[in-house]
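Novice:
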Amino acid sequence: MRIDKIEIDGFGKLNQVSFAFSDGFNLIVGDNESGKSTLCEFLLAMFYELPNSLKKTTKYDEARKMYRPWNGSAFGGRVYFTDNSGTQYVLEKSFGKTKTSDRGKLLYADTWESAGDAEGVGERFFGLGREGFLKTLYVKNLDANGTVGGEEIMAKLSNMETGADEDVSYEKIKAAIEKAHAQIVTKTGRGGKRPALEEEKRNLETEKAVLLQKKEMLKTTENEISALALQEAELQAERKRLEEILSLAQEHEAYEAEKQATETRNIMSARYKSECGRLAEMKAEYASLEKQTENRVPEQVLVQAKELEKQCIIAESKVEEWNRAQQEKAEREKKLAKKGKQLMFAGVAVLILGVVLGIAGIFIHPAIGIGAIVIGVLMFAVLAVSARNKPESTEFADAVSPQENAKSIRKELEALCKMHRAISLEELENMARSFAEKEEKLPELAEKIKQLETETEQILAGISKIRLPEPRDYSEEAKLYSGAATEEVAEAVRSVALKIETNKERMHSAKLKLTQETAGEKTVAEVDTAIFALENEIAQLKKQEAAYELAEGWLEKAHREIKENFAPRLNKKTGEIFSELTEEKYGDVRVGEGFCLHYKNETGEITDSGSLSRGTYDLLYISLRLATLAVLFEEKVPTMVLDDAFSQMDDERLQKIVSYIKKAPFFGQVLNFTCHRESAEMLDKEKINLIDLNKEGV
0 MRIDKIEIDG FGKLNQVSFA FSDGFNLIVG DNESGKSTLC EFLLAMFYEL PNSLKKTTKY
60 DEARKMYRPW NGSAFGGRVY FTDNSGTQYV LEKSFGKTKT SDRGKLLYAD TWESAGDAEG
120 VGERFFGLGR EGFLKTLYVK NLDANGTVGG EEIMAKLSNM ETGADEDVSY EKIKAAIEKA
180 HAQIVTKTGR GGKRPALEEE KRNLETEKAV LLQKKEMLKT TENEISALAL QEAELQAERK
240 RLEEILSLAQ EHEAYEAEKQ ATETRNIMSA RYKSECGRLA EMKAEYASLE KQTENRVPEQ
300 VLVQAKELEK QCIIAESKVE EWNRAQQEKA EREKKLAKKG KQLMFAGVAV LILGVVLGIA
360 GIFIHPAIGI GAIVIGVLMF AVLAVSARNK PESTEFADAV SPQENAKSIR KELEALCKMH
420 RAISLEELEN MARSFAEKEE KLPELAEKIK QLETETEQIL AGISKIRLPE PRDYSEEAKL
480 YSGAATEEVA EAVRSVALKI ETNKERMHSA KLKLTQETAG EKTVAEVDTA IFALENEIAQ
540 LKKQEAAYEL AEGWLEKAHR EIKENFAPRL NKKTGEIFSE LTEEKYGDVR VGEGFCLHYK
600 NETGEITDSG SLSRGTYDLL YISLRLATLA VLFEEKVPTM VLDDAFSQMD DERLQKIVSY
660 IKKAPFFGQV LNFTCHRESA EMLDKEKINL IDLNKEGV
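Numbering (numbering that gives the first Met the number 0), first residue to last: 0 to 697.
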């Protein structure tokens, strides 16, 4: 793997800068505070993430705040790199205020298409996690804290095996496991937590046996309590059943009440509407009667009409008598006419006789003749007058015809009736009677109107008093409920509740009696619970014990395998590198228990590393780190970062280390950060890629 280029938008003091790296050895030189460590941290943040802490006392958020650009520019950048197959990638990240707000992309450099998740890029391409990277490919100055000695070097060497914190080693882990194991059970099997718990369990089991024996004697009371508990359960079930029925009955009554209220309101509303209609009709009728009584027939008119009717009846009653009288008169006149004619004939006869006698008397004596003629004439005159004269009727002689009189009276009556819109006395009387009836009816109708108005007001008041409940949905079961009434069910619920209370009092008394009989003692249940808890705890301890035994076995096995597999190769490679760097002054190196180092000096004597100088210690540490990389990455070591790792080396040793790294086939790209310009000028002759942070204007 090779890092080709870095572009930083903003990270700490580095803003809007880019750096190009080549394959092989890259030397990045810069004065103190020029940004070397910041650039290293940028690489770590890009391939892994921002560090959880800069120091043991520095929180994660403080580290994020520290590297946030001071000038407010974008927080992040890009890294261009190529994997072992020759594929080039672009890793781009922008960091937020928190880890959840970080954003990243991994793209193919030629197409800018996605090449996978930006998380875990370091694990994917380096084959190591962050801690593994820091323990292998990332080498810092041993003298970073200014207190480098043999013990610190040995701690770092030991740390190469465990990959954990620098104060952890195989011996310490083994001792910690043995100590934890001994806390559970000692090697004799009599000490430790598990035997103590097992003894406590045996004591509890003995206590349980005693309690069970006593419990047998208290069985009667317990049976009573059990029976009461069963009875209470049954009563509670019955109570629940009755409460469900009560709820159903209450819902049904509410449904019926709502239904009844609605029906009553509808009936009263319909009645109110009907009564209002009747009231309107009565008022219309009253108004009509009142209007009709305005043209009532006066009493004197009715008296006058009756008088005329009476006169008409009297007149009409005389018509027949008058007609009979007229008929009798006609017959008399006929008789008189006949008599007159007879008298006339008699007079004519007398006259003729007188004339004849007179004529004859003339012949006798003129005086006799004249006398006879005169007597004849007189007799004729008398008879003629008698014939003309008609005897006067004693009745209706000169009266007006009763029929005419009746007709005249009838016309007067008709005129009087017509004047009051009647055609006859009967109709006039009917009208008068009707008016009288209507006048009599008006007070009665007014009273009825008043009563009906009162009734309608009462109906309306009754409607307003009916308060319909809020509409709600009733279950079909509640609508069709036909069981006992609510009060009856409620009484049953109260009865069951009373039984429950009585049962509880009896149970309380029985329990009190049992408590008094077992006062100061644990219950079997409590002992069982304690035994169960102890069994669980003992079981857990046995699991832990087995785990510790397994861990001890695996630790021994792993340690043995490391010594048998990794250690020989590591010893060999470390010896080769250490020998070459010291010009074969130290020909062989062995890593023993706890990474205790031994070596052969120039005379072939085997001695421990405690006699080495501090510079030689550093050289041995570098040899071990390089050997570890050579063993871990057999084909080719990925990009290695050296952060002032050679600050304690003199120029000669530094040049030897760089020359070895450059010519070793398993080393690829190396990024060496340093503040020593003299070393940089010296190494520049080795044909390396030199980057001067000060000259780049950082």
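From the three backbone atoms N, C-alpha and C, an ideal C-beta is built for every residue, glycine too. In this text, all values refer to a predicted model and were calculated from it rather than measured experimentally.
DSSP on residue 671, reduced to helix/strand/coil?
Specialist: Residue numbering aside, residue 671 sits at position 672 when the sequence shown is read from its first letter. Correct three-state label for residue 671: strand.
Novice: Start and end of the alpha helix (DSSP H) containing residue 617?
Specialist: Against the sequence shown, residue 617 aligns to sequence position 618. Per DSSP, residue 617 belongs to the alpha helix (DSSP H) from 613-631.
Novice: I'd like to confirm the pairing. Which residues does DSSP put opposite residue 639 in its beta bridges?
Specialist: Stepping through the sequence shown from its first residue, residue 639 is reached at position 640. DSSP, once it has assigned bridges, lists 669 as partnering residue 639.
Novice: Anyone know if the C-beta pair for residue 672 and residue 632 falls short of 8 Å?
Specialist: The residue you call residue 672 lines up with position 673 of the sequence shown. The residue you call residue 632 lines up with position 633 of the sequence shown. No. Outside cutoff.
Novice: I'd like the list of long-range same chain contacts for residue 33, defined as Cβ closer than 8 Å, with 5 residues on each side in sequence excluded.
Specialist: For the purposes of this step, residue 33 is taken as residue 34 along the sequence shown, with counting starting at 1. Cβ neighbours of residue 33 beyond the five flanking positions: 674, 692, 693, 697.
Novice: Once DSSP output is grouped into helix, strand and coil, what is the label at residue 165?
Specialist: Translated into the one-based positions of the sequence shown, residue 165 becomes position 166. Confidence in residue 165 is poor, its pLDDT being 40 and thus under 50, which makes the residue's placement too unreliable to answer from.
Novice: How would you label residue 341, buried or exposed, when you count the other beta carbons within 10 angstroms and need 16 or more for buried?
Specialist: Here residue 341 refers to the residue found at position 342 of the sequence shown. Exposed, since its Cβ has fewer than 16 Cβ neighbours within 10 Å.
Novice: I want to see whether chain D comes within less than 8 Å of residue 322, judged by CB atoms only; does it?
Specialist: Of the protein chains in the structure, only one exists, and it is not chain D.
Novice: Apart from the five residues just before and just after residue 568, which ones in its own chain have a Cβ nearer than 8 Å to its Cβ?
Specialist: Taking the sequence shown and counting its residues from 1, the one referred to as residue 568 is at position 569. Counting only Cβ-Cβ distances below 8 Å, and skipping sequence neighbours, we find 630.
Novice: In three-state DSSP terms, what is residue 606?
Specialist: By 1-based counting over the sequence shown, the position of residue 606 is 607. Of the three classes helix, strand and coil, the one that applies to residue 606 here is strand, per DSSP.
Novice: Do you know whose CA, among 63, 384, 188, 625, lies nearest residue 75's CA?
Specialist: Mapped onto the sequence shown, residue 75 falls at position 76. Cα-wise, what sits closest to residue 75 is 63.
Novice: Could you please give me the residues that DSSP links to residue 88 through a beta bridge?
Specialist: Walking along the sequence shown from the start, residue 88 turns up at place 89. Paired residues: 80, 107.
Novice: Give the DSSP-derived three-state secondary structure of residue 74 in the structure shown.
Specialist: As a position in the sequence shown, residue 74 is number 75, starting the count at 1. The answer is coil: DSSP assigns residue 74 none of H, G, I, E or B.
Novice: Just to confirm my understanding: we take residue 138, look at its own chain, exclude 5 residues before and 5 after, and list those with CB closer than 6 Å. What are they?
Specialist: Along the sequence shown, read from residue 1 onward, the residue named residue 138 stands at position 139. Closer than 6 Å at the Cβ level, and outside the excluded window around residue 138, lie 624, 641, 644.
Novice: What does the alpha-carbon distance come out to for the pair residue 148 and residue 23?
Specialist: Indexing the sequence shown from 1 puts residue 148 at position 149. Indexing the sequence shown from 1 puts residue 23 at position 24. With a pLDDT of only 37 at residue 148, under the threshold of 50, the placement of this residue in the model should not be trusted; the figure read from the coordinates follows. Cα to Cα, residue 148 sits roughly 32 Å from residue 23.
Novice: Helix, strand or coil for residue 364, going by three-state DSSP, please let me know.
Specialist: Translated into the one-based positions of the sequence shown, residue 364 becomes position 365. If DSSP states are grouped into helix, strand and coil, residue 364 belongs with coil.
Novice: Pull up the CB-CB distance for residue 501 and residue 245, whole angstroms please, since I reckon it's below 8 Å.
Specialist: Taking the sequence shown and counting its residues from 1, one reaches residue 501 at position 502. Taking the sequence shown and counting its residues from 1, one reaches residue 245 at position 246. 21 Å between Cβ atoms; not a contact.
Novice: How big is the Cα-Cα spacing for residue 480 and residue 224?
Specialist: Indexing the sequence shown from 1 puts residue 480 at position 481. Indexing the sequence shown from 1 puts residue 224 at position 225. Distance between the alpha carbons of residue 480 and residue 224 is about 38 Å.
Novice: Using the Cα positions of residue 254 and residue 268, report the straight-line distance between them to the nearest angstrom.
Specialist: Here residue 254 is taken as the residue at index 255 of the sequence shown, counted from 1. Here residue 268 is taken as the residue at index 269 of the sequence shown, counted from 1. Those two C-alpha atoms are separated by around 21 Å.
Novice: Is any heavy atom in the ligand FMN found nearer than 7 Å to the beta carbon of residue 318?
Specialist: For the ligand FMN, the structure offers nothing, since it holds no ligand at all.
Novice: Among 452, 347, 317, whose alpha-carbon lies nearest the alpha-carbon of residue 699?
Specialist: Here the chain comprises residues numbered 0 to 697, so residue 699 is not present and cannot be evaluated.
Novice: Can you pull the DSSP bridge partners for residue 25?
Specialist: For the purposes of this step, residue 25 is taken as the residue at position 26 of the sequence shown. The partner list for residue 25 (beta bridge, DSSP) reads 670, 688.
Novice: In three-state terms, what does DSSP make of residue 535?
Specialist: Sequence index remark: in the sequence shown, residue 535 carries index 536 (1-based). It is helical.
Novice: Between residue 233 and the rest of its own chain, which residues show a CB-CB distance below 8 Å, the 5 nearest in sequence each way excluded?
Specialist: In the sequence shown, the residue the question calls residue 233 occupies position 234. Nothing listed; no residue qualifies.
Novice: For the putative contact between residue 68 and residue 29, defined by C-beta atoms under 8 Å, what is the C-beta separation to the nearest angstrom?
Specialist: The residue given as residue 68 occupies position 69 in the sequence shown. The residue given as residue 29 occupies position 30 in the sequence shown. About 19 Å separates the two Cβ atoms, so there is no contact after all.
Novice: State the DSSP-derived secondary structure class of residue 394, mapped to helix, strand or coil.
Specialist: In the sequence shown, residue 394 corresponds to position 395, counting from 1. Its pLDDT being 49, under 50, residue 394 is placed unreliably in this model, and the coordinates cannot settle the point.
Novice: Which value, in whole angstroms, describes the spacing of the CA atoms of residue 597 and residue 543?
Specialist: As a first step, residue 597 must be located in the sequence shown, where it is residue number 598. As a first step, residue 543 must be located in the sequence shown, where it is residue number 544. Those two C-alpha atoms are separated by around 38 Å.
Novice: If you follow the beta strand (DSSP E) that residue 14 is in, where does it begin and where does it stop?
Specialist: As a working mapping, residue 14 is identified with position 15 in the sequence shown. Residues 13-19.
Novice: Note down, in chain order, each residue of its chain lying with its Cβ closer than 8 Å to the Cβ of residue 193, except the 5 sequence neighbours on either side.
Specialist: For the purposes of this step, residue 193 is taken as residue 194 along the sequence shown, with counting starting at 1. Same-chain partners within the cutoff: 183, 184, 537, 540, 541, 544.
Novice: On the three-state DSSP scale, how would you describe residue 96?
Specialist: Your numbering for residue 96 matches position 97 in the sequence shown. Looking at residue 96 - three-state DSSP - the assignment turns out to be coil, as it is neither helix nor strand.
Novice: List in chain order: all unbroken alpha helix (DSSP H) runs of 4+ residues lying wholly within the stretch 481-556.
Specialist: Entirely contained in the stretch 481-556, the alpha helix (DSSP H) runs reaching 4 residues are, in chain order, 485-516.
Novice: Taking its Cβ as the centre, do 16 or more other Cβ atoms sit within 10 Å of residue 617, making it buried, or is it exposed?
Specialist: Here residue 617 is taken as the residue at index 618 of the sequence shown, counted from 1. Buried, since its Cβ has 16 or more Cβ neighbours within 10 Å.
Novice: Assuming residue 250 contacts residue 444 under a Cβ cut-off of 8 Å, what Cβ separation, rounded to an integer in Å, is found between them?
Specialist: For the purposes of this step, residue 250 is identified with residue 251 of the sequence shown, where counting begins at 1. For the purposes of this step, residue 444 is identified with residue 445 of the sequence shown, where counting begins at 1. Going by Cβ atoms, the distance from residue 250 to residue 444 rounds to 50 Å, so no, they are not a contact pair.
Novice: Nearest-angstrom Cα distance between residue 487 and residue 277?
Specialist: The sequence position of residue 487 within the sequence shown is 488, counting from 1. The sequence position of residue 277 within the sequence shown is 278, counting from 1. Rounded to the nearest angstrom, the two C-alpha atoms are 45 Å apart.
Novice: Taking one C-beta from the stretch 364-382 and one from the stretch 347-356 each time, how about it: are there three or more such pairs within less than 8 Å?
Specialist: With the cut-off at 8 Å, the stretch 364-382 and the stretch 347-356 touch.
Novice: Per DSSP, residue 10 forms a beta bridge with which residues?
Specialist: Translated into the one-based positions of the sequence shown, residue 10 becomes position 11. Answer is 13, bridged to residue 10.
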